[in-house]
Amino acid sequence: MEVGCGEATTLRGVIEKLSHVPEYSLGFDLSWSRVAHGLHYLSEKQIQASLFVADLFNIPLADDSIDIVYTSHSLEPNGGREKEAIKELLRVARHAVVLIEPIYELASPEAQERMRYHGYIRGLKDVATQLGAVVTNYKLLDFTPNPLNPSGLLLLEKATTVNSTVGISWSCPLTRTRLEDIGDVFESKETGLVYPVLRGIPMLNASNAIVASGITDGTIN
Numbered sequence: 001m002e003v004g005c006g007e008a009t010t011l012r013g014v015i016e017k018l019s020h021v022p023e024y025s026l027g028f029d030l031s032w033s034r035v036a037h038g039l040h041y042l043s044e045k046q047i048q049a050s051l052f053v054a055d056l057f058n059i060p061l062a063d064d065s066i067d068i069v070y071t072s073h074s075l076e077p078n079g080g081r082e083k084e085a086i087k088e089l090l091r092v093a094r095h096a097v098v099l100i101e102p103i104y105e106l107a108s109p110e111a112q113e114r115m116r117y118h119g120y121i122r123g124l125k126d127v128a129t130q131l132g133a134v135v136t137n138y139k140l141l142d143f144t145p146n147p148l149n150p151s152g153l154l155l156l157e158k159a160t161t162v163n164s165t166v167g168i169s170w171s172c173p174l175t176r177t178r179l180e181d182i183g184d185v186f187e188s189k190e191t192g193l194v195y196p197v198l199r200g201i202p203m204l205n206a207s208n209a210i211v212a213s214g215i216t217d218g219t220i221n
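Quick note on full-length UniProt numbering: the sequence shown kicks off at 1 and runs consecutively.
See the structure below:
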């Protein structure tokens, strides 16, 4: 799953490079429009993936529900919220989190100055270690289009992994109760909340929740 997938151009490249086709490929972004463009782009390239709208600090998925979670410069602007972000990614990952992000500590003095100015993330390795992840790879990539914003790799493996054959396990971002995809909405029967699907794109931000117990209790079909 890609966190902050935008128009799904990176997701497409990742899927095409995999040695086998995963049962599920997912991506999400805060912007409905970017996700909509992403779905159109993937359709043109004949690539199957489920895209949805969500917040990286409140991912609408159950704990240990996705084998591999990755980012590509989507954590970058969230300086000061590093612990929040990595904790949430580790929560939903079964095995590992792959971060392709600028690494402040390995950057040049000029790049560090720019990153401080823009409020970019710092200390990702230390934060991940504090949260119990095992950092098995930590380096700058050999190629970066902008030397002042160098891409780095952090591979975070979970100390305890979970094996599961269960499909996508959706979770209400407000209550963490189970969410079920029933077509035009995602419903939480336990709470009476539903989340709309706008032109085929699930809107799974907490702010999108609608109280609609008439749907969830079956009195309105």
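Note that beta-carbon positions come from the ideal geometry of N, C-alpha and C, so glycine has one too. In this text the structure is predicted, and so the values were computed from the model without any measurement.
Here residue 184 really is in contact with residue 197; their C-beta atoms are around 6 Å apart, less than 8 Å.
The straight-line gap separating the alpha-carbon atoms of residue 2 and residue 32 is approximately 15 Å. The alpha helix (DSSP H) runs lying completely inside the stretch 116 to 179 and spanning 4 residues or more are 124 to 130, given in chain order. In terms of Cβ geometry, residue 150 and residue 140 form a close pair [threshold 8 Å].
Residue 96 sits close to residue 158, with the two beta carbons spaced by under 8 Å.
For residue 95, the enclosing beta strand (DSSP E) begins and ends at 93 to 102.
Boundaries of the beta strand (DSSP E) harbouring residue 27: 26 to 29, taken from the DSSP string. Taking the Cα of residue 93 as reference, the smallest distance to any Cα among 204, 172, 156 is reached at 156.
Taken through DSSP and simplified to helix, strand or coil, residue 211 comes out as strand. Assignment of beta-bridge partners to residue 203 by DSSP yields 53. Rounded to the nearest whole angstrom, the CA to CA distance from residue 145 to residue 102 is 12 Å.
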